[in-house]
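Read the structure below first, then the notes.
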Amino acid sequence: MPQESSKEVEGLYNELGTGYEDAFGQNPAQIRFVRSAVEQLSAASFVLDIGCGTGKPTGSEVVKAGHKFLGIDSSTTMIDAAKQNVPGAYFEVIDMLDYEGPSNQVDAVFAIFATFTLSHAETMKLVKNIGAWLKPGGFLFVGSMSAEALDTAEWASRDTETGVVKR
Numbered sequence: 001m002p003q004e005s006s007k008e009v010e011g012l013y014n015e016l017g018t019g020y021e022d023a024f025g026q027n028p029a030q031i032r033f034v035r036s037a038v039e040q041l042s043a044a045s046f047v048l049d050i051g052c053g054t055g056k057p058t059g060s061e062v063v064k065a066g067h068k069f070l071g072i073d074s075s076t077t078m079i080d081a082a083k084q085n086v087p088g089a090y091f092e093v094i095d096m097l098d099y100e101g102p103s104n105q106v107d108a109v110f111a112i113f114a115t116f117t118l119s120h121a122e123t124m125k126l127v128k129n130i131g132a133w134l135k136p137g138g139f140l141f142v143g144s145m146s147a148e149a150l151d152t153a154e155w156a157s158r159d160t161e162t163g164v165v166k167r
């Protein structure tokens, strides 16, 4: 899947729709990760989530903790669901590589399972952009996996509590 065109990736996530939320929106390991990350933030922080999907669980946890939240995603289907799922948050349909965020204005960036389709050059561009968006001392919270881990059978056999693949 690496180096897919942005239109192919957008189409994939539009096709997945709310099925993605059913599979990942209540992942206990991801919720624990997000809650732990949010505890690091000062009150009323501005948080950006790139590849926000349906807004769950990241957006909902960030807003629940009292922070300002902007989620971006290239999938209109995902953003439509996110707007319904996370009242009080802001969402924008835009590819993460095209987003021109404000310099030195973001307290934290989340990138959870958002970058595995990027090429090396695209990843380097994104990291440079994130560095420009973050305030000095800001946080980057990343959750990732290898493209090989996308094997459907492997995902179907993983323990949702721990994320460990059952063999």
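For the sequence shown, the UniProt record's numbering assigns the number 1 to the initial residue and increments by one for each residue that follows.
We treat Cβ as the ideally placed atom computed from N, Cα and C, and that holds for glycine.
Return yes when the Cβ of Ala82 is within less than 8 Å of the Cβ of Gly71, no when it is not.
yes
Pair within 8 Å by beta-carbon distance, Lys135 and Val106
yes
Given this structure, state the Cα-to-Cα distance separating Gly101 from Thr115, to the nearest angstrom.
17 Å
What does a CB cutoff of less than 6 Å around Ala111 pick up in its chain, not counting 5 residues either side in sequence?
Ile50, Val142
Closest to Pro87 by CA distance: which of Asp73, Glu61, Val93, Ser75 is it?
Glu61
Please work out which residues of its chain come closer than 6 Å, Cβ to Cβ, to Asn104, disregarding the five sequence neighbours upstream and downstream, and give them in chain order.
Lys135
What's the call for Ser75, buried or exposed, on a 16-neighbour Cβ count within 10 Å?
buried
Helix, strand or coil: which one does DSSP assign to Lys56?
coil
Excluding five sequence neighbours on each side, which residues of the same chain lie with their C-beta closer than 7 Å to the C-beta of Thr58?
Val34, Asp49, Cys52, Phe110, Ile112
Rounded to the nearest angstrom, how far is the Cβ of Ala44 from that of Lys68, given a contact under 8 Å?
7 Å
Start-to-end residues for the alpha helix (DSSP H) that takes in Leu126:
120-133
Residues bridged to Asp73 (per DSSP)
Val93
Among Phe46, Asp80, Lys56, which has the Cα closest to the Cα of Arg32?
Lys56
State the Cα-Cα distance for the pair Leu118 and Val127, rounded to the nearest angstrom.
11 Å
Asp98, DSSP secondary structure in three states:
coil
Do the CB positions of Thr54 and Asn27 come within less than 8 Å of each other?
no
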